[in-house]
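What follows is one structure encoded as structure tokens, with my remarks underneath.
Number of protein chains: 2
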Amino acid sequence: MIMDQRLLLLSNSTLPGEPFLGWPAEHIRDFLGSPKRVAFVPFAAVTFGHDEYTERVAGVFKTLGHEVYGLHAEADPVKALERADAVAVGGGNTFQLLRTLYTTGLLRAIRKRVRNGLPYIGWSAGSNVACPTVMTTNDMPICEPPSLHALHVVGFQINPHYTAATLEGHGGESRDQRLAEYLELNRDMTVAGLPEGSLLRVEGPQVTLEGRPMKVFRHGQEAVEVPSGARMGMELNVR
Amino acid sequence: MIMDQRLLLLSNSTLPGEPFLGWPAEHIRDFLGSPKRVAFVPFAAVTFGHDEYTERVAGVFKTLGHEVYGLHAEADPVKALERADAVAVGGGNTFQLLRTLYTTGLLRAIRKRVRNGLPYIGWSAGSNVACPTVMTTNDMPICEPPSLHALHVVGFQINPHYTAATLEGHGGESRDQRLAEYLELNRDMTVAGLPEGSLLRVEGPQVTLEGRPMKVFRHGQEAVEVPSGARMGMELNVR
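Set out below in structure tokens:
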């Protein structure tokens, strides 16, 4: 069913001490190719403005030869998406992002275009919403979207900013415990634990990991470490 | 409106290296007083059983002189709540807990009885659901409750397991950043950042902090550190 899609799904935008969108810049250049008009979705921003966010992203994409316009600034964002050659969805709070994708009508519009081949770039929350649901986000549920169902333009779940590290002396659940709870209630799903500095590049039915190794989680199985460069199908089984 | 309620809201059940419900045991003893029949709500457990959870809690409460029965084991949990002298709601996953409170009808039943004076003990997720909403939980949204609105038997929000610490070299949001995002979208709310080893004791309109100091967060203000023993109103202003 979903065969034509092209996505670049990043764990995070920026590594400590590096410029904004520094590590993924060359991946974005290679993924987008010739100059594109990129529709940017800044709705995950909560404590800073949509204009400011769009300007920062446009600055980076300009150095790569692409033009960015913010869908927040359009009277009819669904219509404005029509003229895009690609769409980019920025990180921030996943719940605020998803709620706004619903209220603007962009959820359906982006899903339809991406399933028909519109290139999609997302980072952090922008990678969460590409999945069937946002149930593997790390974000706080600071507002209530109509549903946790998301774009569903890939068949697996992503846990961005994945880390096995825990705070010393702190009793809160580890990331691995949280994902085990998710899989207990969602036994058919596959979760990519995508560490910072990693991305999944989706070309039709093929998924390639670039950057750092990731962990793949399934119910009732030990997590599987996947090396950078691995080629997988939509179930994230290494070929 | 809410004037008769009595609650003991714990950040967490257990400190590292201590027995289950070790640190709060004396607080629970003092709060409950004479022997009580305590209805236990184990629905936050995801990767372990409701029976097992109830047995562990019953074991601790027995040493304090109280009898515990699990509402999960009752054909009619709402009716079974009627014979309780107190209710205890255990930690685990907040979303799973809240979803089950809705599907069993216990959300309304517990709210009504607690507003009319039934003593309530909660820890972690069990403290989250006592608040107006669960929007300040740390948990992963592994399932979808009908709403994020919760028991609303206190007027403020709790962030349990509160810590200002962050993982070194990790780019994910700090707890303080997450709470700032919550307050940006919910500007009239007050959030208690309750560290592990702390609890709020609510007696009618009066709230007392016991254990370690906490931080109170409000929109557009610096967080306020509140010392143990502080007496507050429902807006968490120190008197």
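In the order they appear, the protein sequences are chains B and H. Counting in the working numbering, the first sequence runs from 300 upward without gaps. Counting in the working numbering, the second sequence runs from 300 upward without gaps. Glycine included, each C-beta is placed from N, C-alpha and C at the ideal position.
Practice item. Determine the chain B residues that contact Val-523(H) at a beta-carbon separation under 8 Å, and present them in chain order. Key: Result: empty, since nearest Cβ-Cβ is about 19 Å, beyond 8 Å.
Point to revise | Residues near Ala-357(H) in its chain [Cβ-Cβ closer than 6 Å; skip 5 each side] | key: Val-367
Review point. Under 8 Å between C-beta atoms, does Arg-517(H) make it to chain B?
Key: no
Exercise for review: Spatial neighbours of Gly-416(B) within its chain, please: CB distance less than 7 Å, with the 5 preceding and 5 following residues excluded, ordered by chain position.
Suggested key: Asp-303, Gln-304 and Arg-305
Practice item. Have a look at Ala-464(H) and Leu-478(H) and give me their C-alpha separation to the nearest angstrom. Key: 14 Å
Exercise for review: Taking all protein chains shown into account, decide if Ser-497(B) is buried (16 or more other Cβ within 10 angstroms of its Cβ) or exposed.
Suggested key: buried
Point to revise | Pairwise C-alpha distance: Pro-445(B) and Asn-392(B) | key: 15 Å
Check your understanding: With contact counted as at least three CB pairs below 8 Å, one residue from each stretch, are the stretch 406-424 of chain B and the stretch 372-392 of chain B in contact?
Key -> yes
Point to revise | Endpoints, the alpha helix (DSSP H) within which Gly-369(B) is located | key: Careful: Gly-369(B) lies outside any alpha helix (DSSP H), inside the beta strand (DSSP E) at 366-369.
Check your understanding: Taking 8 Å as the CB-CB limit, is Asn-311(H) close to chain B?
Key -> yes
Practice item. Could you tell me whether any Cβ in chain B is nearer than 8 Å to the Cβ of Tyr-401(H)? Key: no
**Study point:** Close-in-space but distant-in-sequence residues of the same chain around Tyr-419(B) (CB under 6 Å, 5 per side omitted)
**Key:** Leu-306, Val-386 and Val-413
Check your understanding: Terminal residues of the continuous beta strand (DSSP E) containing Phe-394(B)?
Key -> Not the beta strand (DSSP E): Phe-394(B) falls in the alpha helix (DSSP H), residues 393-403.
**Study point:** Glu-443(H) (DSSP reduced to helix, strand or coil)
**Key:** coil
Point to revise | Extent of the continuous alpha helix (DSSP H) run through Tyr-352(B) | key: 349-362
**Study point:** Per-residue contacts from Met-434(H) into chain B (C-beta, under 9 Å)
**Key:** Phe-394, Met-439, Pro-440, Ile-441, Cys-442 and Glu-443
Check your understanding: alpha helix (DSSP H) containing Lys-514(B): first to last residue?
Key -> Where Lys-514(B) is concerned, there is no enclosing alpha helix (DSSP H), although the beta strand (DSSP E) it sits in stretches over 513-517.
**Study point:** Listed by chain order, chain B residues near His-460(H) by CB distance under 8 Å
**Key:** His-469, Gly-470 and Gly-471
Exercise for review: Quick one: using the 10 Å Cβ neighbour count with 16 as the cut-off for buried, is Lys-378(H) buried or exposed?
Suggested key: exposed
**Study point:** Nearest-angstrom beta carbon gap, Leu-447(H) and Pro-440(B) [assumed within contact, 8 Å]
**Key:** 6 Å
**Study point:** Three-state secondary structure (DSSP) of Phe-330(H)
**Key:** helix
**Study point:** Residue range of the alpha helix (DSSP H) that includes Gln-476(H)
**Key:** 474-484
**Study point:** Nearest-angstrom Cα separation, counted from Gly-503(H) out to Cys-442(H)
**Key:** 33 Å
Exercise for review: Could you tell me the boundaries of the alpha helix (DSSP H) in which Ala-426(B) lies?
Suggested key: Note on residue identity: the sequence assigns Ser, not Ala, to residue 426(B). Segment 424-427, the alpha helix (DSSP H) holding Ser-426(B).
Exercise for review: May I ask you to list the residues that DSSP assigns as paired with Glu-509(H)?
Suggested key: Leu-498(H)
Practice item. Report the residue from Glu-472(H), Tyr-461(H) and Val-340(H) whose alpha carbon sits nearest the alpha carbon of Thr-346(B). Key: Glu-472(H)
Check your understanding: Would DSSP call Arg-538(B) helix, strand or coil?
Key -> coil
Review point. Which chain B residues are close to Tyr-481(H), counting only those with a beta carbon under 7 Å from its beta carbon?
Key: Met-439 and Ile-441
Point to revise | Within chain H, the residues that Glu-495(B) reaches when beta carbons sit closer than 9 Å | key: Gly-468, His-469, Gly-470 and Gly-471
Practice item. Thinking Met-533(H) and Val-506(H) are a contact (beta carbons under 8 Å), I'd like their distance in whole angstroms, please. Key: 7 Å
Exercise for review: Throw me the rounded Cβ distance for the Arg-538(B) and Arg-530(B) pair, which I believe falls under 8 Å.
Suggested key: 5 Å
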